[in-house]
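The block underneath contains the structure these notes are about, expressed in structure tokens.
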Amino acid sequence: MTPFAKKVYKIVSTIPIGETRSYKWVAIKAGRPNAYRAVGSILNKNPWPVTIPCHRVVKRGDDLGGYVFGVKKKALLLIREREIKEFLTARLVI
DNA sequence: ATATAGCGGATCA
DNA sequence: TGATCCGCTATAT
Numbered sequence: 030m031t032p033f034a035k036k037v038y039k040i041v042s043t044i045p046i047g048e049t050r051s052y053k054w055v056a057i058k059a060g061r062p063n064a065y066r067a068v069g070s071i072l073n074k075n076p077w078p079v080t081i082p083c084h085r086v087v088k089r090g091d092d093l094g095g096y097v098f099g100v101k102k103k104a105l106l107l108i109r110e111r112e113i114k115e116f117l118t119a120r121l122v123i
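For the first sequence, the working numbering assigns the number 30 to the initial residue and increments by one for each residue that follows.
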């Protein structure tokens, strides 16, 4: 566990539900704009596969990139997160 | 210490 | 779109 990895995990876990960021974005936030490849490397072998929302980190644009459990699951997860976000956002009116 | 792989990204044809 | 290089970390040898 390197300091860079720690930063990556922290940053990734701050990404809001239903939103996505690019690997490059994370790399920049982690202080290594050119280490975007490393971000994937780290996320791939992350110690907390479910706790860390690595599915919110995408390649770029509409390209999801890769995912341990398959890109399809990644896409589904993102869709579900968008749904649950609406659910959580809904106001409860008396 | 060196080599290789990996959930990326940019460039070139 | 496909081929190719770049750059960084983790892991294997």
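Ideal Cβ positions, reconstructed from N, Cα and C, are used throughout, including at glycine.
Tell me where the alpha helix (DSSP H) around V122 begins and ends. Looking up residue 122 in the first sequence gives position 93. Here V122 belongs to no alpha helix (DSSP H), and DSSP marks it neither H nor E.
N75: first and last residue of the uninterrupted alpha helix (DSSP H) it sits in: Taking the first residue of the first sequence as position 1, residue 75 is located at position 46. No alpha helix (DSSP H) contains N75, which DSSP labels as neither H nor E.
Please classify R89: does DSSP put it in a helix, a strand, or coil? Taking the first sequence and counting its residues from 1, one reaches residue 89 at position 60. Strand, per DSSP.
By Cβ distance, which residues of its chain are closer than 6 Å to Y38, with the 5 residues on each side in sequence left out? In the first sequence, counting from the first residue as 1, residue 38 sits at position 9. Excluding its 5 nearest sequence neighbours in each direction, Y38 has C-beta neighbours in its own chain below 6 Å: I81, listed in chain order.
To which residues does DSSP link S51 through a beta bridge? Reading the first sequence from its first residue, position 22 is the one you call residue 51. The secondary-structure analysis by DSSP pairs S51 across a beta bridge with V87.
Looking at the unbroken alpha helix (DSSP H) that takes in P32, where does it start and where does it end? What you label residue 32 is simply residue 3 of the first sequence in a count that begins at 1. 32 to 42 is the span of the alpha helix (DSSP H), which, as asked, contains P32.
How many whole angstroms separate the CB atoms of V41 and R85, which I take to be in contact at a CB cut-off of 8 Å? Here residue 41 refers to the residue found at position 12 when the first sequence is read from its first residue. Here residue 85 refers to the residue found at position 56 when the first sequence is read from its first residue. Yes, they are in contact, since the Cβ atoms of V41 and R85 sit about 7 Å apart, within 8 Å.
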